[in-house]
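The structure appears below as structure tokens.
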Amino acid sequence: MKRLLLLTCILAVVTSCKQAKKEAETATEKTAEVAKPEVKLYTFSGGIVVANKLELFSQDTTYTGQSKEFADAFYVISHPKGNLMWDAGLPEMLVPMPEPFTSPDGAFTVSRKDSVANQLESIGLKVQDIDYITFSHTHFDHTGHANVFSNATWIVQEAEYDFVANEDAQKNRADNYNAIKELQNIQKINGDHDVFGDGSVVIKSMPGHTPGHQVLYLDLAEHGPLLLTGDLYHFYENREHQRVPIFNTDVEQTKASMAAFEALAKEKGAKVYLQHAKGDFEKLPKAPNYLK
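Following this note's numbering, the numbering of the sequence shown begins with 573 at its first residue and continues without gaps.
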């Protein structure tokens, strides 16, 4: 009887150890599943834009007679599977200009101090180290150094590609087309796109400013979720009052995108950064520092 009791106890201990080992292995697997990849967000200045006619940024007369200085940021997202550049600042032809340039219609005054190649050096990267490039949209202040990255894969909404590269655009909006014409490795998408397949870097379709306008969602290990707005909103008042610039391609699409954006930000608990808002630009650490 004692021998039987001893064997029973030993069996119970062995079974318990096996169960504990199995539970530990399961817990380790679950931890590996939820562990976020090491993603870094580097923020750079792509120049300064002064909107001399702020009334362009509303459908009514709210801003008539006002002006505002905008930041013009671009970003590098460093992921274990590759490097993505989001937006591309103002044209690099501005870099050697001693004075800011004002457009012939007087609407904008723009300037840029440094090239993308020099700025990438500050984080130990070269032009060829950028694997992917994508833009919130293809206006001149977001594609300034795009052609430098002719070897990178351009991820673009099909509607945006058609908007900037159709025959009419090549003829009548040649500056916009010429800014991206060297990008030949093209990955066309329709809707949202998970760049690296793990939910950490996701392009979200938000049309209206242009037909293929998009925003960028990041889920960083320490900072948590954040959203880069592209030109869905240019400054705080327009976000607060849901105002739409007069040069947007579709007002109703823009309104729908604003609603979808706010729902997404709430669902994810994401911190929102307006790319043209000086205050939000200043909140982000500048390269070579980064957010992770």
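Note that CB positions come from ideal geometry on N, CA and C, so glycine has one too.
Here VAL688 is actually not in contact with PRO672; their C-beta atoms are around 19 angstroms apart, not less than 8 angstroms. Per DSSP, the unbroken beta strand (DSSP E) holding SER683 starts and ends at 680-683. For LEU836, the three-state secondary structure derived from DSSP is helix.
Within 10 angstroms of the beta-carbon of GLU641 lie fewer than 16 other beta-carbons, which makes it exposed. Looking from the CA of HIS795, the closest CA among ASP659, LEU856 and LYS625 belongs to LEU856. C-alpha of ASN744 to C-alpha of VAL736: approximately 10 angstroms in a straight line. Contact check for ASP734 against GLY780 fails: the beta carbons are separated by 7 angstroms or more. In this structure, LEU800 is the residue among ALA831, LEU800 and PHE712 with its C-alpha nearest to the C-alpha of LEU613. Burial state of ASN820 is buried, judged by a 10 Å Cβ sphere holding 16 or more other Cβ atoms. When Cβ pairs closer than 8 angstroms are counted between the two stretches, the region 763-777 is seen not to touch the region 811-819, the count staying below three. The C-beta distance from GLN756 to SER708 rounds to 21 angstroms, too long to fall under 8 angstroms, and the pair is not in contact. Of the candidates SER639, PHE629 and ILE649, ILE649 places its Cα closest to the Cα of THR615. TYR789 and PHE712 have their alpha carbons spaced roughly 23 angstroms apart.
Within the same chain, and ignoring the five residues on either side of GLU730 in sequence, the residues whose Cβ sits closer than 8 angstroms to its Cβ are LYS760, ILE761, ASN762 and GLY784. In the three-state reduction of the DSSP assignment, GLN847 falls in the coil class, being assigned neither a helical nor a strand state. Here DSSP, grouped into helix, strand and coil, assigns SER772 to coil. Nearest neighbour of THR725 by Cα position, chosen from ASP770, ASN655, GLN786 and PRO676, turns out to be ASN655.
When LYS827, TYR647 and ASN861 are compared, the shortest CA-CA separation from ILE705 is found for TYR647.
In the DSSP annotation of this structure, the continuous segment of the beta strand (DSSP E) that includes LYS612 starts and ends at 612-623. Assigned with DSSP and collapsed to three states, MET665 falls in helix.
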